[in-house]
Amino acid sequence: KVRDIGRFLGNAETTVEIASENIAAVERSRQFLEQEISKRIIYGVNTGFGPMASHIINGGQLERLQENLIRSHAAGMGKPIDKRYVLAAMLIRLNTLAKGYSGVSKELLSHLQKFLNNRIAPIVPEHGAVGTSGDLVQLAHIALALIGEGNVIHERKRQPALEVLRQVGIQPYKLKPKEGLSLINGTSAMSGVAALNCLHAQRLLSLAIRMGAFSLELVHGHRDCISEKLQEVRPHRGQIAVARILRDTLASSYLLSSRNSVDEVEIPQDVKEISEVVQEIYSFRCIPQILGPVYDTLFKVQGEVEIEINSSSDNPIVDWENGTFLHGGNFHGDYISLAMDQLKMTFVKLMMLSERRTNFFLHKKLNNFFPPFLNLEMPGLTLGLQGLQFVATSTTAQSQTLAFPQYVH
């Protein structure tokens with residue numbers, strides 16, 4: 004689960020264990036692979052890679068082939084990815100390899116486990132992967148550290164991988180046939196980012212709903228906009244859930260208004276403007292309808308991410324149960340790409356909602372109650388939160404630009 008990744012990253016005392024049934028499946032998968040290497044052509048095991056797949060490699064060069072793959076693909080550029088994302092990617096890669104469909108050895112799983120439990124995070128550059136063949140470049144930098152090359156972050160210091168391995172008593176790993184390919188051919192890096200994005204999104208949505216509740220309270224809003232009956236007649240899951248959280252948050256509030264003050268207004272004989280607020284503006288009244296789709300999208304996206312992090316995204320798949328190798332494209336990253344596009348688009352709406360309420364509270368002619376820019380001192384001489392509005396508007400506009408979908412590339 005996504006929450007398990009968060010638990011591992013949030014507590015330095017949490018360790019990773021590998022279930023005995025997973026080890027058994029991995030051993031059977033590896034045994035089948037080893038007995039078939041000399042009998043048939045298997046992509047990435049005794050062949051070259053990509054366009055060079057037609058080049059057959061002799062048995063004495065198979066380990067070297069895997070090392071060459073890692074070294075050639077560890078060619079990323081840009082600033083290092085945050086350690087938390089790297090550890091998440093490693094945890095997911097361990098989980099996918101432990102399914103027993105990649106043909107790796109239990110020794111490789113144990114090696115990854117030691118890295119994780121010692122919180123050794125390889126230096127992984129941001130740029131280089133395209134996603135259609137998985138996260139080849141990013142995962143290659145992780146694999147490079149496993150064999151004692153490249154650099155890592157350990158105990159908040161950047162150090163050569165080999166030096167850190169000596170410090171913690173871990174030997175550099177010697178790759179066996181197919182293991183280099185199995186380490187890098189998959190979606191674990193993007194899935195690690197996606198999993199943490201889901202965790203961040205959960206916290207942000209929870210905060211946005213609570214802030215919406217307090218905002219409604221500040222303007223003495225009417226309770227009926229979050230009433231249970233109103234949501235029942237338009238029963239979207241997210242809308243109902245958001246309204247319920249709003250009601251629970253405001254259950255003891257004495258600042259919200261009932262309809263009595265409006266209902267008691269005498270109907271005039273002619274047109275007359277009244278001082279009572281008949282209904283709040285959209286950014287207050289429509290919180291369940293605006294944040295409901297965000298809630299639903301996050302629920303859907305997190306489900307897709309959890310399918311991905313519990314899948315075998317390797318190629319070929321070692322189908323030891325049926326005695327064959329399945330060549331396909333489980334490494335393709337479209338599910339994660341589309342899921343993240345959907346998530347970021349809905350969260351832009353969350354930002355727009357918050358920015359509009361900020362504008363309301365800072366604009367005296369809109370709220371007719373609070374001082375300009377919430378300035379509690381001397382307007383004109385002091386500026387209150389005027390600068391904050393620039394930041395809110397600028398950040399929202401930038402987010403709208405960044406929300407352009409990457410899935411179409």
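Those letters in the sequence shown? Residues 4 to 412, by the working numbering.
Positions of the beta carbon are idealized from the N, C-alpha and C atoms, including for glycine.
Predicted, not measured: the structure shown is a model, and the values here were computed from it.
{"Asked": "Three-way DSSP call (helix, strand, coil) for H130 in this model", "Found": "strand"}
{"Asked": "Inter-residue Cα distance where the pair is H412 and L199", "Found": "23 Å"}
{"Asked": "Rounded Cβ spacing between V245 and I290 (contact assumed at less than 8 Å)", "Found": "7 Å"}
{"Asked": "CB contact below 8 Å: A400 versus chain B", "Found": "Looking at the structure shown, chain B is missing, and only one protein chain is on hand."}
{"Asked": "Coarse secondary structure for F328, derived from DSSP in three states", "Found": "strand"}
{"Asked": "Start-to-end residues for the alpha helix (DSSP H) that takes in I156", "Found": "No alpha helix (DSSP H) contains I156, which is instead part of the beta strand (DSSP E) from 154–157."}
{"Asked": "Stretch-stretch touch, CB-based, cutoff 8 Å, three pairs: the stretch 164–179 with the stretch 81–95", "Found": "no"}
{"Asked": "S136 burial status per 10 Å Cβ neighbour count (16 or more: buried)", "Found": "buried"}
{"Asked": "Alpha helix (DSSP H) runs contained entirely in the stretch 155–232, provided each spans 4 or more residues", "Found": "164–171, 182–187, 191–221"}
{"Asked": "Span separating the alpha-carbon of T50 from that of M355", "Found": "52 Å"}
{"Asked": "8 Å Cβ cutoff met for P125 and G79", "Found": "no"}
{"Asked": "For G189 and A75, believed in contact at Cβ under 8 Å, the rounded distance", "Found": "The question names Ala, but residue 75 in the sequence shown is Ser. Contact doesn't hold; Cβ gap of about 17 Å is too wide."}
{"Asked": "Best match in L208, I21, E311 for proximity to L119 [C-alpha to C-alpha]", "Found": "I21"}
{"Asked": "Cβ pair A192, A101 closer than 8 Å", "Found": "no"}
{"Asked": "Sequence-distant residues of its chain with Cβ nearer than 7 Å to S402 (five each side left out)", "Found": "V351, M354"}
{"Asked": "G13 - containing beta strand (DSSP E), residue span", "Found": "Note, G13: premise wrong, no beta strand (DSSP E); alpha helix (DSSP H) at 5–13."}
{"Asked": "Same chain, Cβ closer than 8 Å to L259, five either side skipped, listed in chain order", "Found": "L219, E220, H223, G224, H225, R226, L253"}
{"Asked": "Candidates C201, R159, G53, P180: closest to L111 by CA position", "Found": "P180"}
{"Asked": "Assumed close pair H144, A56 - CB separation to whole angstroms, cut-off 8 Å", "Found": "Not confirmed; about 23 Å, so no contact."}
{"Asked": "T99 - DSSP class collapsed to helix/strand/coil", "Found": "helix"}
{"Asked": "Delimiting residues of the alpha helix (DSSP H) encompassing G81", "Found": "Where G81 is concerned, there is no enclosing alpha helix (DSSP H), although the beta strand (DSSP E) it sits in stretches over 80–83."}
{"Asked": "G183 beta carbon less than 8 Å from that of Q34", "Found": "no"}
{"Asked": "Cβ-Cβ distance between L178 and E358 below 8 Å", "Found": "no"}
{"Asked": "Simplified DSSP state of D251, which is helix, strand or coil", "Found": "helix"}
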